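Here the protein sequences line up with chains X and U, keeping their order.
Each number in the working numbering corresponds to the 1-based position in the first sequence with 76 added.
Each number in the working numbering corresponds to the 1-based position in the second sequence with 47 added.
Worksheet: the structure to be examined is printed underneath.
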Amino acid sequence: MRKVIIKPLREFQVPVEAERISPDVFAPLSIEEIRRLEIWEGNRKVTLSDLFMISGDDEPAPPGDNEIFLYGDFSRVKRIGEKMTSGTVVVKGDVGMHAGNGMSGGEILVEGSADDWLGREMRGGKITVSGDAGEYVGAGYRGESCGMRGGEILVKGSVGDYLGEHLCGGTITVGGDAGDFPGIANRGGVIVIGGNAHLPGAEMASGTITVRGRARVLPSFQRLETVEIDGIPFDKFLGDLVDGGKGELFAASVEDGGR
Amino acid sequence: MIIEGGIVYDPINGVLGEEMDVSIEDGRVVEESQDGEKIDARGMLVMPGGVDAHAHIAGAKVNTGRIMRPEDGRRGTEARTKLLRPSTGYTVPNCYAIGYRYARLGYTTAFEAATPILEARHTHEELEEIPIVDKGALTLFGNNWEVLECVRDGDLDKLAAFLAWGLRASRGYGVKVVNPGGGEAWGYGGNVKGIDDPVPNFDVTAREIIRYLMRANEALRLPHSVHLHTNNLGKPGNYETTLATLRAVEDIASSRDRQVLHVTHMQFSAYGGTGWRDFESKAPEIADYFNRHEQFTMDMGQLIFGSATTMTADAPLEYGNARLLKAKWSNHDIELEESSGVVPLVYGRKNPINAIQWAIGLELALLTEDPWQMIMTTDHPNGGPFVNYPEVVALLMSRAKREEELATLHDLASKRSSLPSIEREMDWNDIAIVTRAGPARILGLAEKGHLGVGADGDVSIYDINPEKVDPSKEHEEVKAALAGAKYAIKGGEVVVRDGEVVAVPQGRTYWVDASVPEDAAARVKADLVEKFAKYYSIQMSNYMVQDAYVTRPRVIGAGVI
Chain X
77 MRKVIIKPLR EFQVPVEAER ISPDVFAPLS IEEIRRLEIW EGNRKVTLSD LFMISGDDEP
137 APPGDNEIFL YGDFSRVKRI GEKMTSGTVV VKGDVGMHAG NGMSGGEILV EGSADDWLGR
197 EMRGGKITVS GDAGEYVGAG YRGESCGMRG GEILVKGSVG DYLGEHLCGG TITVGGDAGD
257 FPGIANRGGV IVIGGNAHLP GAEMASGTIT VRGRARVLPS FQRLETVEID GIPFDKFLGD
317 LVDGGKGELF AASVEDGGR
Chain U
48 MIIEGGIVYD PINGVLGEEM DVSIEDGRVV EESQDGEKID ARGMLVMPGG VDAHAHIAGA
108 KVNTGRIMRP EDGRRGTEAR TKLLRPSTGY TVPNCYAIGY RYARLGYTTA FEAATPILEA
168 RHTHEELEEI PIVDKGALTL FGNNWEVLEC VRDGDLDKLA AFLAWGLRAS RGYGVKVVNP
228 GGGEAWGYGG NVKGIDDPVP NFDVTAREII RYLMRANEAL RLPHSVHLHT NNLGKPGNYE
288 TTLATLRAVE DIASSRDRQV LHVTHMQFSA YGGTGWRDFE SKAPEIADYF NRHEQFTMDM
348 GQLIFGSATT MTADAPLEYG NARLLKAKWS NHDIELEESS GVVPLVYGRK NPINAIQWAI
408 GLELALLTED PWQMIMTTDH PNGGPFVNYP EVVALLMSRA KREEELATLH DLASKRSSLP
468 SIEREMDWND IAIVTRAGPA RILGLAEKGH LGVGADGDVS IYDINPEKVD PSKEHEEVKA
528 ALAGAKYAIK GGEVVVRDGE VVAVPQGRTY WVDASVPEDA AARVKADLVE KFAKYYSIQM
588 SNYMVQDAYV TRPRVIGAGV I
């Protein structure tokens, strides 16, 4: 296994577009060549070594044998692991927006928290976040009819609004709470929320959303029956009927009691 | 400038693949040029600059498409360079990309196909930002209240005067008619189901609207004929409506040396079947009719698989599309003039309807014997983006390519169309007609589409030798050569070299100024003063497109006096 270690040289005031920090890009390059990769800091084109200290095994290796370790604050570094197909990225801290964009394989481990658009349009592989994640986890680009299509996202903490917007496949598991409209326009993906959720499944056509805490359920969902999952009773709903949806929503506790 | 030794196709002047020089001076083709600039075109295909007579490239609905489709904007992004501004989009590119991409294909003229007068200022603001190509815009008249009233009252003189006024108000080039009467009925949630269905509140029919507009168009001797989007467009079985429409106007004569009616994106109007289950091609019936009636012309509206953005003044059609496909939908009411809609969609090879539609466009082009009656279009971006024109040319020139494509489609494309049995393969002369000479003649652009002395110095040169390459077999080479012109020359200036844009001049905007008798103009004005006072959301004084919005006009005169 080839290891590459990256540490920021300073604090970033403006976002860094770092889609080149990816096992697929690093695989055929020596450390010196990795240092010379061009990226953007705000509107300025710089090399990776202008912003980061880079060390590790010099010998190129297939993407799947690359392990990239990011130490420090990467919260303003965007698009890490974009379109990666294999290998591993380990972030020993926070990671910025759009981490794991469109990735189709491999693994990203974030030991801190992730910003917005984590795993946007992901197709495969796995992302694990120990802390929280921002808005639009596993969502689609603006206007796109599909967000995440495959793979797995696990956020141990809580997430922001629009979790899994236009989810077309794959699985998202959240340990804590979700914000507004988790699973909006779900088209066949699976979402499990450990804590509470507000208005899950709006416009959903298919797929499954499970809320193990309390959920405020939209009036356009039809309550079907009580089912048991892992020994806990859940209210099962069908929706979103506004769009003739056939999605399934399970909630352990429903806000406002009546529904 | 002298373009030396190219193999020239210039059908208007009877040049069919002759090795010859083309000289340009002061932006126009001349007998002999003195300035000394030489372009070596030996062994290359030389044609007049391409002319697109029907594309949706500017105005409110195009911009609505952009706003609705941020996901389209990110496809086809190209960073700015020292010379070029940034490009975005595939089906709804930004203004700069439209100009650059036409130029790369060797197209030097493009006409926006549908502009309501009320939104013409927006159209011209965008046309002004489209670089390189010459352009113009067709003005919508088919659902305008003033038109409907003139038709109801049988007042042809007033109608002609209103057309002249509307063209001037919109700085428009020709009379576009979309689903006549249907757009007005849509204001009440309805549509017209054929040419004899009455339009609510006006007691007129599409038959009468089309006939009157054509007669007024000919009375004004406009350079272009009426440009018609038929009723029932996009619906199974609509070929009967299309043929009924044409039969209803057979007696009307053209006032100029051109067609009397252009039926646009015919692919969408040549459908058989009673519904989507027995949907089938009726292209042979349509082509057969055109083969017997030389006074009519059409364009293909070829379908391209992949992403498209449909946009039309046919608002009820778009409502149907949005419901059928569960797609995004924009609907727009344009006061007394039109309605409109925008719906993005994806055409799939394995979708039986889309596959048959694809075949219909090609059948129409290949079964219509006279290429002068046919223009190659994709009804950009309704059938697909114009950047796919090289693909369409390759399909028209190669039966082998058509068979390769058919093998990847839903098998109903072969069973419900006659395409597999069509042997015809267009030659370079046919292609020069359907992409340049024909559209220029159909639009009435005397200085476009040919390379005779006095023509505009618009030339495209492709790195393909028509004497050596067999387009029937080597269709990949054809497609590659047409996708990036070796040279595109606009008004005597090299704008593309080796497929890259190297100069960005600003083109001109064509519009038609038609004169009418004063008394008819005065009667129109009296009507309009009342309409603006009663109904319009803006003042009449703010309505006309001012000259400031058309900074490089090319005004074509017409009219009755």
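Note that beta-carbon positions come from the ideal geometry of N, C-alpha and C, so glycine has one too.
Predicted, not measured: the structure shown is a model, and the values here were computed from it.
Length of the line joining the Cα atoms of U/Asp-505 and U/Gly-485: 15 Å
Residues near U/Ala-402 by beta carbon distance below 7 Å, same chain, minus five either side: Arg-396, Leu-456, His-457, Leu-459, Ala-460
In DSSP terms, what U/Val-98 is bridged to: U/Thr-156
Collapsed DSSP secondary structure at U/Val-310 in the structure displayed: strand
Which listed residue (X/Asp-149, X/Tyr-212, X/Leu-105, X/Phe-310) has its alpha carbon closest to that of X/Gly-132: X/Leu-105
The stretch 116–139 of chain U: positions lying closer than 9 Å to chain A by Cβ: Of the chains in the structure shown, none is chain A; the protein chains are X and U.
Within-7 Å CB hit, X/Tyr-212 to chain U: no
Coil, strand or helix - U/Asn-378 by DSSP: strand
Neighbourhood of U/Lys-375 by C-beta, 6 Å cutoff - its chain only, sequence neighbours within 5 removed: Met-115, Pro-391
Candidates U/Phe-249, U/Lys-533, U/Met-591, U/Val-542: closest to U/Val-93 by CA position: U/Lys-533
Contact residues within the stretch 204–228 of chain X, judged by C-beta distance below 9 Å to chain U: Gly-216, Tyr-217, Arg-218, Gly-219, Glu-220, Ser-221
Where U/Trp-323 sits in the DSSP three-state scheme: coil
Integer-rounded CB distance, given that U/Ile-333 should sit under 8 Å from U/Thr-289: 6 Å
Between the CA atoms of U/Ile-179 and U/Lys-520 - distance to the nearest angstrom: 34 Å
Member of U/Asp-566, U/Pro-283, U/Trp-192, U/Glu-385 whose CA lies at the smallest distance from the CA of U/Lys-329: U/Pro-283
Cβ shell of X/Val-90 (< 8 Å), same chain only, five flanking positions each side left out: Glu-117, Gly-118, Arg-152
Cβ neighbours of U/Asn-285 in the same chain (closer than 6 Å, five flanking residues each side left out): Asn-279, Ser-316, Tyr-318
Three-state class that DSSP yields for U/Asn-110 in the structure shown: helix
Proximity of X/Val-122 and X/Phe-102 at Cβ, strictly below 7 Å: no
C-alpha gap between U/His-171 and U/Tyr-596, whole angstroms: 6 Å
Neighbour-count burial assignment, U/Trp-475, 16 or more Cβ in a 10 Å radius: buried
3 or more residues per run - each beta strand (DSSP E) lying fully within the stretch 332–408 of chain U: 343–346, 353–359, 377–381, 385–394
First and last residue of the uninterrupted alpha helix (DSSP H) at U/Gly-120: 117–120
Limits of the beta strand (DSSP E) - the one that U/Met-67 falls within: 62–72
Among X/Arg-218, X/Gly-226, X/Asp-256, nearest to X/Gly-236 - alpha-carbon criterion: X/Asp-256
Exposure of U/Tyr-147, with buried meaning 16 or more beta-carbon neighbours within 10 Å: buried
Entirely enclosed beta strand (DSSP E) segments - the stretch 141–189 of chain X, minimum 3 residues: 142–147, 164–168, 183–186
Spatial neighbours of X/Ala-273 in its chain, beta-carbon cut-off 6 Å, leaving aside the 5 residues before and after: Ala-254, Pro-258, Val-287, Ala-291
Start-end ranges of the alpha helix (DSSP H) lying completely within the stretch 130–190 of chain U, minimum 4 residues: 142–151, 167–176
Validate contact between the stretch 418–428 of chain U and the stretch 331–349 of chain U using beta carbons, cut 8 Å, 3 pairs: yes
Reference U/Asp-477, options U/Val-500, U/Ala-493, U/Leu-442, U/Asp-510, closest by Cα: U/Leu-442
Proximal residues to U/Glu-523 (C-beta, below 8 Å), its chain only, five neighbours per side dropped: Ala-441
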